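Protein sequence lines, in the order shown, are assigned to chains C and X.
Per the numbering used here, residue 339 is the first one in the first sequence, and the count goes up by one each step.
Per the numbering used here, residue 339 is the first one in the second sequence, and the count goes up by one each step.
This report refers to the structure that appears directly beneath it.
Protein chains: 2
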Amino acid sequence: MKQLHRKDLFGWSEFNQERNLDFHSVLWVRVSGNVLIDPIELSEHDFKHLQALGGASIIVITNSDHCRDALNIATQTGATIVGPIGERETFPIACERWITDNEEIVSELIAYQLNGSKTPGELALVLDDSTLITGDLIRSHIAGELCLLPDAKLSDRNLALQSVTRLANLSAIGTVLTGDGWPVFKQGHSALKQILES
Amino acid sequence: MKQLHRKDLFGWSEFNQERNLDFHSVLWVRVSGNVLIDPIELSEHDFKHLQALGGASIIVITNSDHCRDALNIATQTGATIVGPIGERETFPIACERWITDNEEIVSELIAYQLNGSKTPGELALVLDDSTLITGDLIRSHIAGELCLLPDAKLSDRNLALQSVTRLANLSAIGTVLTGDGWPVFKQGHSALKQILES
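Here it is as structure tokens:
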């Protein structure tokens with residue numbers, strides 16, 4: 339796995355040929371149990387790396403299109419899967435817990451429920467007030483800049499913009515770890531505001 | 339290939355298990371002939387993408403450890419390979435042109451010869467005064483930050499720092515596309531200065 343902007347954060351990626359961008363997953367290493375977010379399949383090398391860093395206790399899925407390899411990784415690691423409460427009725431895999439808006443998933447990892455995206459109640463996660471981790475709604479199609487999911491995929495563009503505004507008001511966000519497309523490691527708050535200005 | 343920070347720049351990457359970071363290559367699309375820099379092997383998908391964008395006219399190799407798949411890609415595309423004049427005597431592949439310090443390789447792509455790195459006269463490239471493309475000396479081990487090649491690999495640390503100082507004095511650099519490790523897409527000039535402060 340690749341070192342991210344903090345010593346306790348790692349990522350792994352997979353190039354998607356259909357969209358010509360990378361899909362990303364995140365590992366947060368914690369003494370009280372590691373957290374994986376939207377995990378793509380791990381190579382044998384990365385799985386060994388994960389094990390060396392303590393395995394996984396919780397897998398957070400931001401939306402039903404980002405289940406990826408969660409079920410398999412949960413089986414291998416014993417991790418608990420948690421998902422967005424907005425999709426509880428139709429979620430494709432079993433979750434042991436359903437996450438609501440403003441819920442602290444584990445200490446210092448807060449869920450924000452987004453509206454208007456392609457799935458109901460997609461989650462974005464804020465770690466230590468300073469790192470935003472996004473699923474699908476907020477992404478990057480041009481390196482260094484953030485953008486919204488294309489209009490054709492949004493269920494309600496105005497609600498989506500309201501949700502982005504809420505995140506863009508979090509002035510301490512330095513980094514935005516996107517699920518799809520290049521992450522923004524510095525000045526994430528400014529990049530979030532620019533989505534609304536564009 | 340992945341869109342970089344400009345519509346005419348693309349990249350592709352390969353995860354390196356030994357170092358736990360990505361190696362990167364760059365394509366610059368130009369009407370008068372596309373430029374590849376330190377090209378890793380292209381997947382079939384990416385090779386088709388390259389062909390759709392006009393193939394390649396010139397392959398620039400920054401140093402002998404970054405020849406990667408250049409020879410094969412040159413054979414497939416008909417591109418000319420150019421390399422650093424500092425390694426002319428021992429370069430592992432044939433080059434049709436040897437690049438010197440301050441040379442304009444093609445219009446708006448200027449070579450800077452670096453000293454003190456692990457190979458003599460490693461090149462860094464500056465595109466349109468604003469995008470720096472590096473080989474090995476300047477890299478990233480923590481996302482969002484640049485660093486030097488480890489001391490044990492440098493032939494002369496003081497000379498290396500002088501070379502970095504020269505690049506850090508280019509105040510218009512916005513983006514640093516690293517050969518190894520996460521690129522810095524915004525405020526590249528500030529990231530270059532921080533190498534010298536650390």
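Glycine residues also receive a C-beta, built at the ideal position from the N, C-alpha and C atoms.
This one's a predicted model, so the numbers in the text were calculated from it and none came from an experiment.
Checklist line | Three-state secondary structure assigned by DSSP to residue 344 of chain C | finding: The DSSP-derived three-state label of residue 344 of chain C is coil.
Next item on the list: Show which residues of chain C have a CB atom less than 7 Å away from the CB atom of residue 383 of chain X.
Entry: Close to residue 383 of chain X, with beta-carbon spacing below 7 Å, are these residues of chain C in chain order: 355.
Checklist line | Bounding residues of the beta strand (DSSP E) (the contiguous stretch that carries residue 439 of chain C) | finding: Neither: residue 439 of chain C is in no beta strand (DSSP E) and is coded neither H nor E.
Note to self: Please classify residue 360 of chain X as buried or exposed, where buried requires at least 16 neighbouring CB atoms within 10 angstroms.
What the structure shows: buried
Notebook entry, point to check: Going by DSSP, which residues form a beta bridge with residue 283 of chain X?
Noted result: Limits of chain X in this structure are 339 at one end and 536 at the other, which puts residue 283 of chain X out of reach.
Checklist line | Range of the contiguous beta strand (DSSP E) that encloses residue 419 of chain C | finding: 418 to 422
Notebook entry, point to check: the stretch 459 to 486 of chain X: which residues have C-beta closer than 7 Å to a C-beta of chain C, in chain order?
Noted result: 479, 480, 481, 482
Notebook entry, point to check: In chain C, which residues lie less than 8 Å from residue 358 of chain X when you measure between Cβ atoms?
Noted result: Those are 339, 340, 341, 387, listed as they occur along chain C.
Next item on the list: Measure the C-alpha to C-alpha separation of residue 353 of chain C and residue 388 of chain X and round it to an integer number of angstroms.
Entry: 16 Å
Checklist line | C-alpha gap between residue 440 of chain C and residue 408 of chain C, whole angstroms | finding: The alpha-carbon atoms of residue 440 of chain C and residue 408 of chain C are separated by roughly 23 Å.
Check: In chain order, what residues of the same chain have a beta carbon less than 6 Å from the beta carbon of residue 451 of chain C, not counting five sequence neighbours either side?
Finding: 439, 459, listed in sequence order.
Check: Candidates X:532, X:345, X:453, X:435: which alpha carbon is nearest residue 494 of chain X's?
Finding: X:453
Check: Helix, strand or coil for residue 384 of chain C per DSSP?
Finding: helix
Next item on the list: Determine, using beta-carbon pairs with one atom in the stretch 375 to 383 of chain C and one in the stretch 396 to 412 of chain C, whether at least three such pairs fall under 8 Å.
Entry: yes
Checklist line | Assigned exposure category for residue 357 of chain X - 16 Cβ within 10 Å defines buried | finding: exposed
Margin query: Tell me the rounded alpha-carbon separation between residue 384 of chain X and residue 343 of chain X.
Written below: 18 Å
Note to self: Let's see if you can read the secondary structure: which residues bound the beta strand (DSSP E) around residue 462 of chain X?
What the structure shows: 461 to 465
Next item on the list: Grab the span of the alpha helix (DSSP H) containing residue 497 of chain C for me, first residue to last.
Entry: 495 to 506
Item checked: Contact set between residue 525 of chain X and chain C, taken where Cβ atoms lie within less than 9 Å -> 524, 525
Check: Is there contact between the stretch 428 to 437 of chain X and the stretch 500 to 508 of chain X, where contact requires at least three CB pairs shorter than 8 Å?
Finding: no
Check: In its own chain, which residues sit with a C-beta less than 6 Å from the C-beta of residue 515 of chain C, not counting the 5 before and 5 after it?
Finding: 364, 471, 521
Check: Sorted by chain position, which residues of the same chain lie with C-beta nearer than 7 Å to residue 341 of chain X's C-beta, five sequence neighbours on each side aside?
Finding: If the five residues before and after residue 341 of chain X are omitted, its C-beta is found closer than 7 Å to the C-beta atoms of 348, all from its own chain and listed in chain order.
Next item on the list: Please report how far the alpha carbon of residue 456 of chain X lies from the alpha carbon of residue 502 of chain X, in whole angstroms.
Entry: 14 Å
Notebook entry, point to check: Helix, strand or coil: which one does DSSP assign to residue 378 of chain X?
Noted result: coil
Check: Shortest alpha-carbon distance to residue 499 of chain X belongs to which of X:371, X:366, X:532?
Finding: X:532
Notebook entry, point to check: Where do the ends of the beta strand (DSSP E) carrying residue 515 of chain X lie?
Noted result: 513 to 515
Notebook entry, point to check: Name the chain C residues that come within less than 8 Å of residue 366 of chain X, Cβ to Cβ?
Noted result: Within chain C, no residue comes near residue 366 of chain X; the closest Cβ sits about 14 Å away, beyond 8 Å.
Margin query: Starting from residue 413 of chain C, trace the alpha helix (DSSP H) in both directions and tell me its first and last residue.
Written below: 408 to 415
Item checked: Beta-ladder partner(s) of residue 403 of chain X, from DSSP -> Looking at the DSSP assignment, residue 403 of chain X forms no beta bridge with any residue, so it has no partner.
Note to self: So the candidates are X:355, X:462, X:395; which of them puts its Cα closest to the Cα of residue 367 of chain X?
What the structure shows: X:395
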